[in-house]
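Enquirer:
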Amino acid sequence: MEELKRDLERTRAQDEVHGRYTELTEEKDVIQTSAKEPLCVIHFYHRDFRRCKIMDSHLEALAPNYPGTRFLRVLVENVPFLVDRLQIKVLPCVVCFVKGVTKDRLVGFEQLGNADEFETGVLELRLKQSGVIEDAPRVPLRTRYSEPERRSGIRNSCLGDEDDDPYA
Numbered sequence: 014m015e016e017l018k019r020d021l022e023r024t025r026a027q028d029e030v031h032g033r034y035t036e037l038t039e040e041k042d043v044i045q046t047s048a049k050e051p052l053c054v055i056h057f058y059h060r061d062f063r064r065c066k067i068m069d070s071h072l073e074a075l076a077p078n079y080p081g082t083r084f085l086r087v088l089v090e091n092v093p094f095l096v097d098r099l100q101i102k103v104l105p106c107v108v109c110f111v112k113g114v115t116k117d118r119l120v121g122f123e124q125l126g127n128a129d130e131f132e133t134g135v136l137e138l139r140l141k142q143s144g145v146i147e148d149a150p151r152v153p154l155r156t157r158y159s160e161p162e163r164r165s166g167i168r169n170s171c172l173g174d175e176d177d178d179p180y181a
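As structure tokens, then:
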């Protein structure tokens with residue numbers, strides 16, 4: 014009975030942090046969390062960088078849709094050892110951990126179209142490719158790439174199964 018009670022408490026504690034975009038301020042907490050969480054996304058940011066604020070808004074939108082992944086933000090000033098160890102030189106920098114191992118990193122917005130106005134779905138797709146988010150989202154995010162646009166016109170019209178070649 015006690016074991017069941019401990020499992021319930023552990024599940025409640027996980028529910029408080031999973032599905033949310035939280036900030037860690039202590040370097041040892043960041044190291045422990047990235048090592049113990051099976052899926053973890055850490056955004057290394059600086060409060061004065063506009064692009065870091067943009068990345069924050071996208072990760073904030075993604076976190077509730079993927080409760081199996083831990084989404085964190087860390088102020089680079091608070092974690093100098095990790096910044097040096099992970100060789101973080103450009104911000105924003107998003108590092109993806111799978112079972113405690115660094116699997117991927119997004120540096121700046123280069124892999125997201127290199128524009129400030131990228132869609133959250135583009136980041137979502139990139140994180141899926143990294144393997145750091147794997148379950149289906151609670152609410153699917155729409156992007157202009159998510160469904161093919163249906164157009165009508167001469168090239169897209171379907172006149173039947175007839176062959177247009179008169180010599181065939």
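Per this note's numbering: the sequence shown ends with 181, consecutive numbering throughout. Each residue gets a CB set at the ideal place from its N, CA and C atoms; glycine is no exception. Because the structure is a prediction, the values reported are computed rather than measured.
#1: By alpha-carbon positions, which one of 112, 128, 139, 74 ends up nearest to residue 119?
#2: Tell me which same chain residues have a C-beta within less than 6 angstroms of the C-beta of residue 143, skipping the five on either side of it?
#3: Mind checking who residue 196 pairs with in its DSSP beta bridge?
#4: By how many angstroms is the C-alpha of residue 102 removed from the C-alpha of residue 26?
#5: For residue 35, write down the residues that DSSP places opposite it in a beta bridge.
#6: What did DSSP end up calling residue 116 once you bin it into helix, strand or coil?
#7: Going by alpha carbons, who is nearest to residue 54 out of 60, 66, 35?
#8: If residue 38 and residue 91 are in contact, beta carbons under 8 angstroms, what's the gap, nearest whole angstrom?
#9: Using the rule of at least 16 other Cβ atoms within 10 Å of the residue's Cβ for burial, across every protein chain shown, is residue 14 buried or exposed?
#10: Quick one: is residue 86 buried, meaning 16 or more other Cβ sit within 10 Å of its Cβ, or exposed?
#11: Does the Cβ-Cβ distance between residue 75 and residue 84 come in under 8 angstroms?
#12: Please classify residue 51: is it buried, with 16 or more other beta-carbons within 10 angstroms of its beta-carbon, or exposed?
#13: What are the start and end residues of the alpha helix (DSSP H) that includes residue 14?
Expert: Checking against the coordinates, here is how it stands:
#1: By one-based count along the sequence shown, residue 119 stands at place 106. Of 112, 128, 139, 74, the residue nearest in Cα terms is 139.
#2: Counting from one through the sequence shown, the residue named residue 143 turns up at place 130. Excluding positions up to five away in sequence, the list reads 109, 116, 117.
#3: Nothing in the structure corresponds to residue 196, since the chain is present only between 14 and 181.
#4: Working through the sequence shown from its first residue, we reach residue 26 at position 13. Working through the sequence shown from its first residue, we reach residue 102 at position 89. Caution applies to residue 26, whose pLDDT of 47 falls short of 50 and renders its modelled position unreliable; the model cannot decide the point.
#5: Translated into positions along the sequence shown, residue 35 becomes position 22. DSSP lists 85 as partners of residue 35.
#6: As a working mapping, residue 116 is identified with position 103 in the sequence shown. Looking at residue 116 - three-state DSSP - the assignment turns out to be strand.
#7: Here the question's residue 54 lines up with position 41 in the sequence shown. Of 60, 66, 35, the residue nearest in Cα terms is 35.
#8: Taking the sequence shown and counting its residues from 1, one reaches residue 38 at position 25. Taking the sequence shown and counting its residues from 1, one reaches residue 91 at position 78. Yes, they are in contact, since the Cβ atoms of residue 38 and residue 91 sit about 5 angstroms apart, within 8 angstroms.
#9: Reading the sequence shown from its first residue, position 1 is the one you call residue 14. Answer is exposed; the Cβ neighbour count stays below 16.
#10: On the sequence shown, residue 86 is found 73 positions in, with the first residue counted as 1. Looking at its Cβ environment, which holds 16 or more other Cβ atoms inside 10 Å, residue 86 is buried.
#11: As a position in the sequence shown, residue 75 is number 62, starting the count at 1. As a position in the sequence shown, residue 84 is number 71, starting the count at 1. Result yes, Cβ atoms of residue 75 and residue 84 sit closer than 8 angstroms.
#12: The sequence position of residue 51 within the sequence shown is 38, counting from 1. Exposed, by the Cβ-count rule.
#13: For the purposes of this step, residue 14 is taken as residue 1 along the sequence shown, with counting starting at 1. Element bounds for residue 14: n/a, residue is neither H nor E.
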